[in-house]
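Per the UniProt record's numbering, the very first residue in the sequence shown carries number 1; after that it's consecutive.
Even glycine gets a Cβ: it sits at the ideal position worked out from N, Cα and C.
Below is one structure, written out as C-alpha cells, with a few remarks after it.
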Amino acid sequence: MNPYVLTILLSSLGLGTALTFASSHWLLAWMGLEINTLAIIPLMAQQHHPRAVEATTKYFLTQATAAAMILFAATTNAWVMGEWGINDMSHPIASSMTIAALALKIGLAPMHFWLPEVLQGLDLFTGLILSTWQKLAPLALIIQVAPTVNPVMITLLGLLSTLVGGWGGLNQTQVRKILGYSSIAHMGWMVIISQYAPHLTLLALGTYVFMTSAAFLSLKVTSTTNIMTMTTMWSKAPVLVSTTALALLSLGGLPPLTGFMPKWLILQEMTKQQLPLTATVMALAALLSLYFYLRLCYAMTLTISPHATNAATPWRAQTTQSMVSLALFMTAALGLLPITPAILTLVA
Numbered sequence: 001m002n003p004y005v006l007t008i009l010l011s012s013l014g015l016g017t018a019l020t021f022a023s024s025h026w027l028l029a030w031m032g033l034e035i036n037t038l039a040i041i042p043l044m045a046q047q048h049h050p051r052a053v054e055a056t057t058k059y060f061l062t063q064a065t066a067a068a069m070i071l072f073a074a075t076t077n078a079w080v081m082g083e084w085g086i087n088d089m090s091h092p093i094a095s096s097m098t099i100a101a102l103a104l105k106i107g108l109a110p111m112h113f114w115l116p117e118v119l120q121g122l123d124l125f126t127g128l129i130l131s132t133w134q135k136l137a138p139l140a141l142i143i144q145v146a147p148t149v150n151p152v153m154i155t156l157l158g159l160l161s162t163l164v165g166g167w168g169g170l171n172q173t174q175v176r177k178i179l180g181y182s183s184i185a186h187m188g189w190m191v192i193i194s195q196y197a198p199h200l201t202l203l204a205l206g207t208y209v210f211m212t213s214a215a216f217l218s219l220k221v222t223s224t225t226n227i228m229t230m231t232t233m234w235s236k237a238p239v240l241v242s243t244t245a246l247a248l249l250s251l252g253g254l255p256p257l258t259g260f261m262p263k264w265l266i267l268q269e270m271t272k273q274q275l276p277l278t279a280t281v282m283a284l285a286a287l288l289s290l291y292f293y294l295r296l297c298y299a300m301t302l303t304i305s306p307h308a309t310n311a312a313t314p315w316r317a318q319t320t321q322s323m324v325s326l327a328l329f330m331t332a333a334l335g336l337l338p339i340t341p342a343i344l345t346l347v348a
C-alpha cells in the first residue's frame, strides 16, 4: 500500500477514536465511529484475496447495522426526552438499544459471530488493529452509558461473553480465531464491571491491549497463523517462543503475570458488590480460556513438528521488522503485576 494512503488511513483511525472520546453529543460520537469503520476497511481489503474481501464485507455490514442502531437509539431518546447528550440517555428503551448496538460493534456475545470469521480473513497487523484500537471508542461509550442501563442486561452480556469466548476457542486450530474468541472473553470481563467500577474497565482494557499486541506482534515476526506452524517456531526464534508462551499465559490470567491483575481486581470488586455467584461463574469461565492458551503453549514449547529437523539450526531467519514495539508490549504483558497499587492509584 502507498505510504501516503496508509498515513491518511491510520490518521483517520486516530481521528475517529479521538472524536468519539471528546464528544458529549451522540451525533459527534456516531460520526467518530463511522470514520473509524471507513478508515479500517481499505486496510482490511488491501490483500485482494477472496477471504479478505469476504471478511471486509462482513465487517462493514455488522458495523453499519450497529451504527444505524446507535443513531436510531439516540434519535429515539432525543424525540422522547429532548436530550442528545451521551450522559443524558435516560429512556430505558433507547439505552438498552444503545448497549445492544455497542455490543455488536465490539463483538460481545450473543452478537459475536462476525468477529472470529472476520479476524480469520485478515493479516496479523490489521487483525491487531481490529482487536485493540477498534475496541477503544465503543468501550468509552459503554462506560458512559452503563449507569443508565438495566444492570441485569449488562451482567448477562458480560457472563455470556466470557462463557462463549471460553467455549468457542476450545475446538479451534487457527490462531487468529483463537485470539478472536479470547477478545470476546476479555470484552465480557470489561463490560460486566463497567457498571460498578469503570476504572477497572479501563485497567482491564489497558492490560488487554498490551497482552494482545505482544501476542499478535510475536506471531507476525514468525508468520504463524495456525497451531501446526506454531510447532516449528522454536527452530526459528527460540527466545521469542519462550516470551510468546508467557504472553499467552498472561492472556489466560496466570498469577505471576500482568493478566492476573485485572481478573483479580474485578473478582474482588464483584464480591464487594454482593455478587459472589457471578464472580464464581466468571472465574470458572476464565479456566476455559486458560485451557486453549495452554494448548497453544504446549504446541509451541513441548511439541516437535514432524517436518522440523532435530539438529540445532545453524542459522536464523533475520527479520526486517522493528522489534522495539514488540519488546515494549512484551515487557508490559509480563511484568506489571508487582506495581498494581501504583497503577490503581493512576486509574482510580
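Length of the line joining the Cα atoms of residue i and residue j
i, j, result
"V57", "P198", "Before going further, note that residue 57 is Thr rather than Val in the sequence given. Going by the C-alpha atoms only, they are around 33 Å apart."
"residue 423", "G166", "No answer is possible for residue 423: it lies beyond the span of the chain, which begins at 1 and ends at 348."
"L104", "L277", "26 Å"
"T244", "T331", "11 Å"
"Y291", "T75", "44 Å"
"E34", "T20", "10 Å"
"G206", "L122", "23 Å"
"L139", "L102", "8 Å"
"T155", "L251", "22 Å"
"P116", "S182", "10 Å"
"K263", "A237", "31 Å"
"S325", "G127", "16 Å"
"L217", "W234", "16 Å"
"T37", "F60", "7 Å"
"I106", "L71", "17 Å"
"T98", "Q134", "17 Å"
"T280", "L265", "14 Å"
"V175", "L119", "10 Å"
"A342", "S23", "29 Å"
"F260", "F329", "16 Å"
"T301", "L136", "33 Å"
"V191", "N87", "17 Å"
"P314", "T232", "With a pLDDT of only 48 at P314, under the threshold of 50, the placement of this residue in the model should not be trusted, and no figure is reported."
"S289", "A327", "25 Å"
"N2", "S11", "14 Å"
"T222", "H112", "28 Å"
Proximity of residue i and residue j at Cβ, strictly below 9 Å
i, j, result
"K220", "Q321", "yes"
"Y293", "L249", "yes"
"A215", "H186", "no"
"G188", "L163", "yes"
"residue 353", "M153", "The structure shown has nothing for residue 353, since the chain only spans 1 to 348."
"I184", "A67", "no"
"G253", "A286", "yes"
"L9", "L43", "yes"
"L267", "L257", "no"
"H25", "G85", "yes"
Proximity test, residue i beta-carbon vs the ligand MN heavy atom, cut-off 8 Å
i, result
"Q273", "The ligand MN is not part of the structure shown, which contains no ligands of any sort."
Beta-carbon separation (whole angstroms), residue i vs residue j, contact threshold 8 Å
i, j, result
"M230", "A333", "Incorrect: roughly 18 Å between the Cβ atoms, too far for contact."
"S131", "T224", "S131 to T224, Cβ: 16 Å. No contact."
Residue i burial status per 10 Å Cβ neighbour count (16 or more: buried)
i, result
"T201", "buried"
"M89", "buried"
"L296", "buried"
"V145", "buried"
"Q274", "exposed"
"V241", "buried"
"K272", "exposed"
"M270", "buried"
"G168", "buried"
"F125", "exposed"
"L13", "buried"
"T148", "buried"
Within the stretch 21–80, ranges of the alpha helix (DSSP H) (whole runs, at least 4 residues): The stretch 21–80 contains these whole alpha helix (DSSP H) runs: 26–45.
Can you list, in chain order, the stretches of the alpha helix (DSSP H) that have 4 or more residues and sit fully within the stretch 160–222? Secondary structure remark: continuous alpha helix (DSSP H) runs of at least 4 residues inside the stretch 160–222, in chain order: 175–194 and 198–222.
Inside the stretch 234–307 only - alpha helix (DSSP H) runs reaching at least 4 residues: Those alpha helix (DSSP H) runs which fall completely within the stretch 234–307 and span 4+ residues are 238–252, 260–272 and 276–301.
Pick out the complete alpha helix (DSSP H) segments inside the stretch 103–127, 4 residues or longer, and give them in chain order. Segments of the alpha helix (DSSP H) lying fully in the stretch 103–127: 114–120.
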